[in-house]
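*Asks:*
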Amino acid sequence: MADKSFFIDTTKCTACRGCQIACKQWNMNPGTKTTQRGSHQNPEDLSYVTYKLVRFSELEVDGKPRWYFFPDQCRHCIYPPCKMAADEKAPGAVILDTQTRAVIYDPAVKVSPEAFKAIREICPFDIPRYDAKLSRMSKCTMCIDRVSEGLIPACVKTCPTGAMQFGDRSTIRKMAVERLAEVRKIYRRASLINPEAVRVIFLVKDYPEKYYEYASTHDAKGITRKMAFKQLLHPVCVFEDWIG
Ligand code: SF4
Ligand code: SF4
48 MADKSFFIDT TKCTACRGCQ IACKQWNMNP GTKTTQRGSH QNPEDLSYVT
98 YKLVRFSELE VDGKPRWYFF PDQCRHCIYP PCKMAADEKA PGAVILDTQT
148 RAVIYDPAVK VSPEAFKAIR EICPFDIPRY DAKLSRMSKC TMCIDRVSEG
198 LIPACVKTCP TGAMQFGDRS TIRKMAVERL AEVRKIYRRA SLINPEAVRV
248 IFLVKDYPEK YYEYASTHDA KGITRKMAFK QLLHPVCVFE DWIG
């Protein structure tokens, strides 16, 4: 089996949250009790039982209100910093699947609060979550149980607009580059976020930080947020070379 990747084209996302619900259902995760916070984002954040969350960012652009939708999830990094931290602090808690290259967690491995702190802090996208009572971490698994049986992840299967795609990395890369060229004809700021470093490639039509603080490894000033990731990105993440 070839290594896999996702392509998430946020220009096609209507924030229906079908992917978020499908993720809950497939993983048999319970719903989360929430309160009205004046936002359509619901629940407020990722959690031990919420691996996928459609983030809503409401901004004023050129005097008009704008919504930026971002279906957030683990990026299944090519060289996952979370695994580096887990290998040291909680061996076996994070595993790289040899076939798909999915970054998965082992629910049987107990993780101490100190180890989890190190794992979460090193993730440039602030993804892993923890249940302190169970001493276990969790996050998106790339639906490894489905994918290893030849199916696509539940979130991708349910997306009604085609915003989410999944397949062999070579096919997904080509798809992402071609779609970016198309979108850039209208939105000159459009980009793919960290495409050489992750297996979940987001296409955004505006600066990533407008969507979400942790959408990209870089902050709004273009500075790499995590030193470990900076080292891992060099020299592979030369995005402008990649798209030609
Ligand atoms: S996004 Fe975070 S949790 Fe996911 S593979 Fe990368 S470092 Fe690990
Ligand atoms: S299912 Fe597709 S369109 Fe709906 S929120 Fe998820 S990515 Fe967006």
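So that you can map any letter, position 167 of the sequence shown is 214 in the working numbering, and since no number is skipped, the others follow by simple counting. All residues carry an ideal CB built from backbone N, CA and C; glycine is no exception.
Given a cut-off of 9 Å on the beta-carbon distance, is the pair Gly214 and Lys59 in contact?
*Replies:* Counting from 1 along the sequence shown, the entry for residue 214 is found at position 167. Counting from 1 along the sequence shown, the entry for residue 59 is found at position 12. No, the pair does not count as a contact, with Cβ atoms beyond the cut-off.
*Asks:* For Ser86, count the other beta carbons within 10 Å of its own beta carbon; 16 or more makes it buried, fewer makes it exposed. Which is it?
*Replies:* Numbered from its first residue, the sequence shown carries residue 86 at position 39. Exposed: under 16 other Cβ atoms inside 10 Å.
*Asks:* Does DSSP put Arg167 in a helix, a strand or coil?
*Replies:* Here residue 167 corresponds to residue number 120 of the sequence shown, with the count starting at 1. Of the three classes helix, strand and coil, the one that applies to Arg167 here is helix, per DSSP.
*Asks:* State the start and end residues of the unbroken beta strand (DSSP E) segment that holds Leu250.
*Replies:* Start at 1 with the first residue of the sequence shown, and residue 250 comes out as number 203. From DSSP, the beta strand (DSSP E) with Leu250 extends over 247-251.
*Asks:* For Arg216 and His265, I'd like the C-alpha separation in whole angstroms.
*Replies:* For this step, residue 216 is matched to residue 169 along the sequence shown. For this step, residue 265 is matched to residue 218 along the sequence shown. Going from the Cα of Arg216 to the Cα of His265 covers about 23 Å.
*Asks:* Should Ser185 go down as buried or exposed, given a rule of 16 or more other Cβ atoms within 10 Å for buried?
*Replies:* Numbered from 1 along the sequence shown, position 138 holds the residue referred to as residue 185. Buried: at least 16 other Cβ atoms inside 10 Å.
*Asks:* Suppose contacts are defined by Cβ-Cβ distances below 9 Å. Is Asp56 in contact with Tyr259 by that definition?
*Replies:* The residue given as residue 56 occupies position 9 in the sequence shown. The residue given as residue 259 occupies position 212 in the sequence shown. It is not a contact, given that the beta carbons lie outside the stated cut-off.
*Asks:* Whole angstroms are fine: how far does the CA of Thr81 sit from the CA of Lys157?
*Replies:* Here residue 157 refers to the residue found at position 110 when the sequence shown is read from its first residue. Here residue 81 refers to the residue found at position 34 when the sequence shown is read from its first residue. Those two C-alpha atoms are separated by around 28 Å.
*Asks:* Just list the residues that DSSP pairs Arg183 with in beta bridges.
*Replies:* As a working mapping, residue 183 is identified with position 136 in the sequence shown. Arg183 is bridged to Asp178.
*Asks:* Quick one: is the Cβ of Lys130 within less than 8 Å of any heavy atom of ligand 1?
*Replies:* Mapped onto the sequence shown, residue 130 falls at position 83. Lys130 Cβ: within cutoff of ligand 1.
*Asks:* Please determine whether the Cβ atom of Ile55 lies at a distance below 8 Å from any heavy atom of ligand 2.
*Replies:* The residue labelled residue 55 in the question sits at position 8 within the sequence shown. Yes.
*Asks:* Can you tell me whether Lys51 is helix, strand or coil according to DSSP?
*Replies:* Translated into the one-based positions of the sequence shown, residue 51 becomes position 4. In this structure, Lys51 counts as strand in the three-state DSSP scheme.
*Asks:* At 4 residues or longer, and completely inside the region 117-154: list those alpha helix (DSSP H) runs for me, N to C.
*Replies:* The region 117-154 contains these whole alpha helix (DSSP H) runs: 128-136.
*Asks:* Counting Cβ pairs, one atom from each stretch, are 3 or more of them under 8 Å apart for the region 175-184 and the region 91-99?
*Replies:* Yes, they touch.
*Asks:* For the alpha helix (DSSP H) containing Leu227, list its first residue and its last residue.
*Replies:* Your numbering for residue 227 matches position 180 in the sequence shown. Where Leu227 is concerned, the enclosing alpha helix (DSSP H) stretches over 216-231.
*Asks:* Only counting the same chain, and skipping five residues up and downstream in sequence, which positions put a Cβ closer than 7 Å to that of Asp153?
*Replies:* Against the sequence shown, residue 153 aligns to sequence position 106. If we look at Asp153 and ignore the five residues flanking it on each side, its Cβ neighbours are Gly139, Ala140, Ile142.
*Asks:* Does the Cβ of Leu198 have 16 or more other Cβ atoms within 10 Å, making it buried, or fewer, making it exposed?
*Replies:* On the sequence shown, position 151 is the one that residue 198 refers to. The residue in question, Leu198, is exposed, as its Cβ has fewer than 16 Cβ neighbours within 10 Å.
*Asks:* What residue from Cys202, Glu256, Val230, Lys257 has the CA that sits closest to Val247's CA?
*Replies:* In the sequence shown, the residue the question calls residue 247 occupies position 200. Of the candidates Cys202, Glu256, Val230, Lys257, the one whose C-alpha sits nearest the C-alpha of Val247 is Cys202.
*Asks:* According to DSSP, what are the bridge partners of Lys101?
*Replies:* Stepping through the sequence shown from its first residue, residue 101 is reached at position 54. Rather than Lys, the amino acid found at residue 101 in this sequence is Val. Pro118.
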